[in-house]
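These protein sequence lines map, in sequence, to chains A and D.
Heads up: the first sequence at position 146 corresponds to 158 in our numbering, and the numbers run straight through without jumps.
Heads up: the second sequence at position 10 corresponds to 165 in our numbering, and the numbers run straight through without jumps.
The beta-carbon is built from N, C-alpha and C at its ideal position, and this holds for glycine as well.
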Amino acid sequence: MFEARLNNATTLKKILDAIKDLLNEGTFDCSDSGIQLQAMDNSHVSLVSLTLRSDGFDKFRCDRNLSMGMNLGSMAKILKCANNDDTVTIKAQDNADTVTFMFESQNQEKVSDYEMKLMNLDQEHLGIPETDYSCVVRMPAMEFARICRDLAQFSESVVICCTKEGVKFSASGDVGSANVKLAQTFNVDKEEEAIVIEMQEPVVLTFACRYLNAFTKATPLSNQVQLSMSADVPLVVEYRIAELGHIRYYLAPKIED
Amino acid sequence: TVKQTKIGSFFEKE
Numbered sequence: 013m014f015e016a017r018l019n020n021a022t023t024l025k026k027i028l029d030a031i032k033d034l035l036n037e038g039t040f041d042c043s044d045s046g047i048q049l050q051a052m053d054n055s056h057v058s059l060v061s062l063t064l065r066s067d068g069f070d071k072f073r074c075d076r077n078l079s080m081g082m083n084l085g086s087m088a089k090i091l092k093c094a095n096n097d098d099t100v101t102i103k104a105q106d107n108a109d110t111v112t113f114m115f116e117s118q119n120q121e122k123v124s125d126y127e128m129k130l131m132n133l134d135q136e137h138l139g140i141p142e143t144d145y146s147c148v149v150r151m152p153a154m155e156f157a158r159i160c161r162d163l164a165q166f167s168e169s170v171v172i173c174c175t176k177e178g179v180k181f182s183a184s185g186d187v188g189s190a191n192v193k194l195a196q197t198f199n200v201d202k203e204e205e206a207i208v209i210e211m212q213e214p215v216v217l218t219f220a221c222r223y224l225n226a227f228t229k230a231t232p233l234s235n236q237v238q239l240s241m242s243a244d245v246p247l248v249v250e251y252r253i254a255e256l257g258h259i260r261y262y263l264a265p266k267i268e269d
Numbered sequence: 156t157v158k159q160t161k162i163g164s165f166f167e168k169e
């Protein structure tokens, strides 16, 4: 039997909001170490990797490894039925073809359960090599979301240029050209407002805005976002999920033909 | 011109 409980539905609701527009469906691979989901979007230009550790749940039981193919749009609809402060429990029998979501109100007066059919998804799993990235930028997640949204008005592509001075986001098209330069911060009082750049060597990479803007749907999950870049390999956009895990988005670059 | 690459050309199927 599989059973995972969170005392607060907020995080799970935000996780679904962070992936449901990019992915139509995904397989939740459950083991005693937690829940993993890895899936590419339909165009195979981006990949989502979600990791939720079992010790981040308020109760976690996984007798046998279990893969649950979920329609993420349906799962998001079910989670819309939960209040943020409801306790949420995900339950499935070992060789089940359905999964149950149970929501309990804080005052225990209201208990709801929603049963959803599971899907047979034969999604292939991709190996993501450990990479020592040339540039790693940590910055406020809201700032990154704002830049992606603003620059998408100028072009379908954003050029990210990272040097020891700072990181520059550029876009140019019919409207005109835009450059947003962020310098590394040194004396911020709040860690989450810092802009930290670890640079082995400078990089210049081009990415499609529409995917970056899909990734920033994860902004409510974390104050900070981490961008990892190396020449001619996918960008990694990572949001940590406090005390539970992280969501990593990989975006294939646009390269000179 | 810039060409959009695919994830599959960077990560191998396991």
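>> I'd like to know if the segment 86-106 of chain A and the segment 50-68 of chain A are in contact, where contact means that at least 3 CB-CB pairs between them fall below 8 Å.
In response: no
> Shorter than 8 Å from the beta carbon of A/Ala226 to some beta carbon of chain D?
Replying inline: no
> For A/Leu91, which residues from the same chain have a beta carbon less than 8 Å from its beta carbon, with the 5 sequence-adjacent residues on both sides left out?
Replying inline: Ala21, Leu24, Lys25, Leu28, Val100, Phe113
>> Per the DSSP calculation, A/Asn83 is bridged to which residue(s)?
In response: A/Glu37
>> Are the CB atoms of A/Met151 and A/Gln212 within a distance shorter than 8 Å?
In response: no
> Using a C-beta to C-beta distance shorter than 9 Å, which residues of chain D count as neighbours of A/Asp269?
Replying inline: Thr156, Val157, Lys158
> Would A/Met52 count as contacting chain D if we go by Cβ distances under 8 Å?
Replying inline: yes
> When you compare only the Cα positions, how much space is there between A/Glu15 and A/Ala254?
Replying inline: 21 Å
> With a CB to CB cut of under 8 Å and the five nearest residues on each side skipped, what residues in its chain are close to A/Thr175?
Replying inline: Met211, Pro214
> Residue range of the alpha helix (DSSP H) that A/Asp125 falls in?
Replying inline: Counting along the chain, A/Asp125 falls outside any alpha helix (DSSP H), though it belongs to the beta strand (DSSP E) covering 123-129.
> Cβ of A/Lys4 less than 8 Å from any chain D Cβ?
Replying inline: Here chain A has residues from 13 to 269 only, and residue 4 of chain A is not among them.
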